[in-house]
Amino acid sequence: MPLASAETRLLVLNADPVFEDATLDILAGMDGLEIQVVRSLSEAIAILLEENFDAFVVEAEAASAVDQAIHIRQHFPSLRIMCVVPPWKATDAIAAAQEQNIKIIASRTSWRLSRGLAAFVQALEGASATPSEGIDPCHSLIGNLNQFSAAEILQMSCLSQRSGRFTFKSSRGNSEIYLQQGSVRHAVYGSLQGEAAVAEIFRWRQGRFYFEEGIISQEQTVNRPWAHLLIDNLQKLDETMELVGV
Amino acid sequence: MRDKKVETKLRLLTLQLENWKRLHDFITYGLDKARPIISAEQERQFTEIRANLLQETEYVFGALNTVSDLSGKAMNVLQRASSIRGVRELTNDEIRRLETEWNGVFTKLGVIQGQLKTLRKDLASQTPIQYYISRLFMRPARAH
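Protein chains in written order, with my numbering: chain A, 1 to 246; chain B, 247 to 390.
Structure (structure tokens):
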């Protein structure tokens, strides 16, 4: 079996992990893998919010597996997802899954399953943890940073307990801030992550932004309450503005 | 190295322990007089856990070679705890028996889990060659 990196963590959703364990059995033989098994979608979402996993594997009947995988994709756009299903010919469902960047292994033969899983796990090595662009963005808020500052729109969203992703686009590049129930959970700008990225975005005065409701980051790089972040960053901004004034 | 059989046993055991813990949470809730409301959703979750345990215990205990030790106790717990409401209506003696038997199953499973984790740790520090040489010349380490 190929070796994966020591930190590779997989979350496996399987409603009957004791008796329908073909995938689990194969994964158990792979070195360097940490596997956690959940039985329901709600458990999976709760764990993905709490902990960081490199990939998510669903083992179930075809329609159910694709449905659950698409549901997870909507909340965790950067997560690598694979469905392990019995052979079936629902080409529409396959197309829908592939559109959502969900890999599918439809096989009953253990060697094909084994080969597919090994390739999937191997591909996780060195995979970037940077969240990717949403697949099907539904922008619930769009605007320009020269009319509303990042601080203003984040304050408004946090006060109304929003969960979702802000994408900021400017000549400096793209950045993202993920909110979860009114708190900043994750922020990324180029190589910067967490509070450093938030601080950077606070300074932007040009560009546009949009908000996608319901997209939750798997990663958590910001742990402080929004109010603390706001005060600190506004103070830093004031200091910066003072310097600019000088 | 990683032993697939040990990994499989640990997986089964972890799933089983998780369900026993959840069952205990619901039993504790049912016995808590300060919480008078038992919702339909709680009863549904309880039944689901109980159904999982009913179908999986024999198989898992068989895989762990503990059927004779645990099967009777486990079945007693599952039969007594038919629902959260049912737990609330048990007599004090029955509650004590339920808790003792649940504790017997949980303790034994916990001990086996510890042994298997120790075995896994030992195996992780060995190469396959070292492992097979040790099996040729020494008594194999046993989990239980």
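Quick reminder that beta carbons are idealized off the backbone N, C-alpha and C, glycines included.
Cutoff 8 Å: residue i Cβ touching any chain A Cβ
| i | result |
| --- | --- |
| K363 of chain B | no |
| R296 of chain B | no |
| I379 of chain B | no |
| V306 of chain B | yes |
| R268 of chain B | no |
| L258 of chain B | yes |
| K367 of chain B | no |
| K250 of chain B | yes |
| L310 of chain B | no |
| E289 of chain B | no |
| T254 of chain B | yes |
| L261 of chain B | yes |
| E302 of chain B | yes |
is_contact[residue i, chain B] using C-beta, thresh 8 Å
| i | result |
| --- | --- |
| V84 of chain A | no |
| L79 of chain A | no |
| L3 of chain A | The pLDDT assigned to L3 of chain A is 41, lower than 50, so where the model puts this residue is not dependable, and the model offers no usable value. |
| V18 of chain A | yes |
| L24 of chain A | yes |
| G134 of chain A | Bear in mind that the predicted position of G134 of chain A carries a pLDDT of just 42, short of 50, making it unreliable; the figure below should be weighed with that in mind. Chain B, which has no Cβ nearer than 8 Å to the Cβ of G134 of chain A, makes this no. |
| T130 of chain A | For T130 of chain A, the predicted model reports a pLDDT of 42, less than 50, meaning its position is unreliable; a value from the coordinates is still stated below. Output row for T130 of chain A: interface = no. |
Endpoints, beta strand (DSSP E) assigned at residue i
| i | result |
| --- | --- |
| L79 of chain A | Unbroken run through L79 of chain A: none, as it is neither H nor E. |
| R185 of chain A | 183-189 |
| S285 of chain B | Unbroken run through S285 of chain B: none, as it is neither H nor E. |
| I177 of chain A | 173-180 |
| S224 of chain A | The question names Ser, yet the displayed sequence has Arg at residue 224 of chain A. Careful: R224 of chain A lies outside any beta strand (DSSP E) and carries neither H nor E. |
| A55 of chain A | 55-59 |
| E213 of chain A | 208-213 |
First and last residue of the uninterrupted alpha helix (DSSP H) at residue i
| i | result |
| --- | --- |
| I273 of chain B | 250-277 |
| E195 of chain A | 195-202 |
| S163 of chain A | Run containing S163 of chain A: none; DSSP gives neither H nor E here. |
Residue i Cβ short of 7 Å to the ligand ADP heavy atom set
| i | result |
| --- | --- |
| V37 of chain A | With respect to the ligand ADP, the structure offers nothing, as it holds no ligand at all. |
Secondary structure, beta strand (DSSP E): runs of 3+ residues fully inside the region 81-110 of chain A:
102-106
Going along the region 26-51 of chain A in order, which residues come within less than 7 Å of chain B, judged by CB to CB distance? A28, G29, D31, V37
Query raised in the report: What are the complete alpha helix (DSSP H) segments, minimum 4 residues, inside the region 296-363 of chain B?
Result: Annotation note: the region 296-363 of chain B contains the following uninterrupted alpha helix (DSSP H) runs of length 4 or greater, listed N- to C-terminal: 313-326, 330-334.
Q.
Any contact between the region 225-238 of chain A and the region 260-275 of chain B? By contact I mean 3 or more CB pairs, one from each, below 8 Å.
A. no
Worksheet entry | Cβ pair count under 8 Å reaching 3, the region 358-376 of chain B against the region 326-333 of chain B | no
Which ranges would you report for the alpha helix (DSSP H) in the region 15-42 of chain A if only whole runs of at least 4 residues count? 22-28
Inter-stretch contact at 8 Å, needing at least 3 Cβ pairs: the region 96-106 of chain A / the region 26-36 of chain A:
no
field: contact_flag[the region 159-176 of chain A, the region 206-218 of chain A] where n(CB pairs < 8 Å) is 3 or more
entry: The region 159-176 of chain A, when compared against the region 206-218 of chain A, does touch it at the 8 Å Cβ threshold.
- Just checking, does the region 34-51 of chain A make contact with the region 119-126 of chain A on the three C-beta pairs under 8 Å criterion? no
Requested in this report: Tell me, please, whether the region 7-24 of chain A touches the region 57-65 of chain A by the rule of three or more beta-carbon pairs shorter than 8 Å.
Outcome: yes
>> For the pair the region 165-179 of chain A and the region 188-196 of chain A, tell me if three or more CB-CB distances fall below 8 Å.
In response: yes
### Task
Decide if the region 304-320 of chain B is in contact with the region 330-340 of chain B; the criterion is three or more beta carbon pairs, one per stretch, under 8 Å apart.
no
Taking contact to mean at least 3 C-beta pairs separated by less than 8 Å, is the region 286-293 of chain B in contact with the region 310-320 of chain B? no
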